[in-house]
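Encoded as C-alpha cells, the structure appears first; notes follow it.
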Amino acid sequence: MSTASPSPHRALLVITSHGQLGDTGNTTGYTVSEAADPWQVFVNAGWEVDLTTVRGGRPPEDGFGDPTQPNQAAWAADPGVQAKLDTAPAPAEVDPSRYDAVYFVGGHGSMWDFPGNNDLSRLAASVYEHGGVVAAVCHGPSALTTLRLSDGSLLVEGKSIAAFTDSEEREIGLDGVVPFLLQSRLEELGAKHTGAAHWKSHVVVDGRLVTGQNPASATGVAEAVTDIVHARS
28 MSTASPSPHR
38 ALLVITSHGQ
48 LGDTGNTTGY
58 TVSEAADPWQ
68 VFVNAGWEVD
78 LTTVRGGRPP
88 EDGFGDPTQP
98 NQAAWAADPG
108 VQAKLDTAPA
118 PAEVDPSRYD
128 AVYFVGGHGS
138 MWDFPGNNDL
148 SRLAASVYEH
158 GGVVAAVCHG
168 PSALTTLRLS
178 DGSLLVEGKS
188 IAAFTDSEER
198 EIGLDGVVPF
208 LLQSRLEELG
218 AKHTGAAHWK
228 SHVVVDGRLV
238 TGQNPASATG
248 VAEAVTDIVH
258 ARS
C-alpha cells in the first residue's frame with residue numbers, strides 16, 4: 028500500500044516595491060543576490076518558494092546584481108521565477124498558513140516600504156506564531172522595526188539580531204539618505220545587535236528568528252532556516 032509523500036516545505040520571499048533612493052534622483056529596489064541566493068538554498072533543499080512584493084507585481088532591482096554569478100544567472104533564467112516576479116501578490120493576498128518561513132529580502136528600497144506595513148507585519152507574525160521562522164538579511168530587518176506579535180510586543184525586543192550596520196551604511200555614503208540607520212533603530216527597540224567585519228557573512232539565530240548582516244549573509248540565513256525547519260519535521 029502506497030502512502031502519500033509529505034508536502035514540501037514552503038518559504039515566502041518578501042521583496043520591496045520601492046524604487047526611489049530618497050531624494051537623490053537615483054533608483055533602488057531589491058538586491059538580486061539576496062533573493063537568488065536563498066532561493067537556491069531552498070530549491071536545493073526541496074522546498075517550494077513563493078514571492079510577495081509590497082505593492083504586488085514585479086519589483087525594482089537596485090542595480091547591484093551580478094549576472095555572471097551562478098545563483099543570480101539561474102534566478103534570471105528560470106521561467107517560473109520570472110513568472111512569479113511578474114505576478115507577485117501583495118502581502119494582503121497571501122495565506123500565511125502555507126509557509127514554514129518568511130524571508131525578508133534586502134536592498135535599500137525595503138527601508139522605505141517594509142517598516143510600518145501592517146499587512147507585512149500581520150503576515151510575518153502569523154507565520155511566527157504558528158511555529159514558523161522569520162528571517163531577514165541586510166536591510167530586510169527593517170521590516171522587524173515595526174513587526175508586532177498578537178500581544179502587541181515587538182518581535183525583536185530582547186532578541187539577538189544582525190542587520191546592515193551603521194558603519195557599512197556610512198562606508199557607502201548613504202547614512203544621510205536612508206530614513207533611519209537600521210542598526211541604531213533596532214538597538215533603540217531593544218534588540219541585541221551584533222556586527223562583524225564589513226561585507227563578510229554574519230548570521231545570528233535566536234530561536235525562530237534568523238537574521239544576516241549583508242548580502243554575503245543571504246545564503247547562510249537560508250541555510251539556518253532550513254536547519255531549523257528540518258530539525259522539527
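In terms of the working numbering, the sequence shown opens at residue 28 and continues consecutively.
Every residue, glycine too, gets a C-beta built ideally from N, C-alpha and C.
Here the structure is a predicted model, which means the values were calculated and not measured.
Have a look at the options and flag the residue whose alpha-carbon is nearest the alpha-carbon of residue i.
{"i": "Ser-148", "options": "Asp-127, Ala-119, Val-237, Met-138", "result": "Ala-119"}
{"i": "Thr-54", "options": "Gly-92, His-257, Gly-136, Leu-39", "result": "Gly-136"}
{"i": "Tyr-126", "options": "Tyr-155, Lys-227, Ala-101, Pro-242", "result": "Tyr-155"}
{"i": "Ser-244", "options": "Thr-192, Gly-83, Gly-203", "result": "Thr-192"}
{"i": "Thr-43", "options": "Ala-163, Asp-178, Val-237", "result": "Ala-163"}
{"i": "Gly-185", "options": "Phe-207, Gly-134, Gly-84, Val-232", "result": "Val-232"}
{"i": "Lys-105", "options": "Gln-67, Glu-250, Ser-34, Gly-83", "result": "It should be noted that the sequence gives Asp, not Lys, for residue 105. The candidate whose alpha carbon is nearest that of Asp-105 is Gln-67."}
{"i": "Gly-134", "options": "Gln-47, Thr-114, Gly-83", "result": "Gln-47"}
Taking DSSP as the reference, what is the three-state secondary structure of residue i?
{"i": "Phe-131", "result": "strand"}
{"i": "Ser-194", "result": "helix"}
{"i": "Gln-99", "result": "helix"}
{"i": "Gly-200", "result": "coil"}
{"i": "Lys-111", "result": "helix"}
{"i": "Asp-77", "result": "strand"}
{"i": "Thr-43", "result": "coil"}
{"i": "Asp-233", "result": "strand"}
{"i": "Leu-174", "result": "coil"}
{"i": "Ala-251", "result": "helix"}
{"i": "Ala-224", "result": "coil"}
{"i": "Ala-189", "result": "coil"}
{"i": "Gly-167", "result": "helix"}
{"i": "Tyr-57", "result": "strand"}
{"i": "Val-68", "result": "helix"}
At the level of alpha carbons, what is the spacing between residue i and residue j?
{"i": "Gly-200", "j": "Asn-98", "result": "28 Å"}
{"i": "Val-121", "j": "Leu-150", "result": "8 Å"}
{"i": "Phe-141", "j": "Ala-170", "result": "5 Å"}
{"i": "Leu-213", "j": "His-220", "result": "7 Å"}
{"i": "Cys-165", "j": "Gln-210", "result": "10 Å"}
{"i": "Val-132", "j": "Leu-39", "result": "10 Å"}
{"i": "Val-41", "j": "Trp-102", "result": "15 Å"}
{"i": "Val-248", "j": "Val-129", "result": "12 Å"}
{"i": "Met-28", "j": "Thr-246", "result": "Below a pLDDT of 50, predicted positions are generally treated as unreliable, and Met-28, at 40, falls in that range; no measurement from the model is reported."}
{"i": "Gly-92", "j": "Leu-208", "result": "23 Å"}
{"i": "Glu-198", "j": "Gly-49", "result": "17 Å"}
{"i": "Val-204", "j": "Gly-159", "result": "34 Å"}
{"i": "Trp-226", "j": "Asn-145", "result": "31 Å"}
Within its chain, find whatever has a CB closer than 7 Å to the CB of residue i; leave out the 5 residues flanking it on each side and keep chain order.
{"i": "Glu-88", "result": "Gly-56, Tyr-57, Val-59"}
{"i": "Ala-223", "result": "His-229, Gln-240"}
{"i": "Gly-143", "result": "Thr-173"}
Taking all protein chains shown into account, do 16 or more other C-beta atoms lie within 10 angstroms of the C-beta of residue i, making it buried, or fewer, making it exposed?
{"i": "His-257", "result": "exposed"}
{"i": "Gly-287", "result": "The structure shown does not extend to residue 287, since the chain is modelled only from 28 to 260, so the question has no answer here."}
{"i": "Gly-167", "result": "buried"}
{"i": "Arg-259", "result": "exposed"}
{"i": "Pro-65", "result": "buried"}
{"i": "Pro-86", "result": "buried"}
{"i": "His-157", "result": "exposed"}
{"i": "Pro-242", "result": "buried"}
{"i": "Glu-215", "result": "exposed"}
{"i": "Ala-251", "result": "buried"}
{"i": "Ala-218", "result": "buried"}
{"i": "Thr-79", "result": "buried"}
For residue i, I'd like the list of residues in its chain whose CB is within less than 6 Å of its CB, leaving aside the five on either flank, ordered along the chain.
{"i": "Thr-253", "result": "Ala-72"}
{"i": "Trp-139", "result": "His-45"}
Which residues in the same chain have their Cβ closer than 8 Å to the Cβ of residue i, if we skip the five residues on either side of it in sequence?
{"i": "Leu-174", "result": "Leu-147, Ser-148, Ala-151, Ala-152, Val-161, Leu-181, Leu-182, Val-183"}
{"i": "Pro-35", "result": "Gly-73, Trp-74, Glu-75"}
{"i": "Asp-202", "result": "Asp-193, Glu-196, Leu-208"}
{"i": "Asp-178", "result": "none"}
Looking at chain D, is there any beta carbon in it that lies within less than 8 Å of the beta carbon of residue i?
{"i": "Ala-72", "result": "Annotation note: the requested chain D is absent from the structure, which comprises a single protein chain."}
Confirm the yes/no value for this check: CB of residue i, any heavy atom of the ligand PLP, distance under 7 Å.
{"i": "Phe-141", "result": "This structure does not include the ligand PLP; it has no bound ligands of any sort."}
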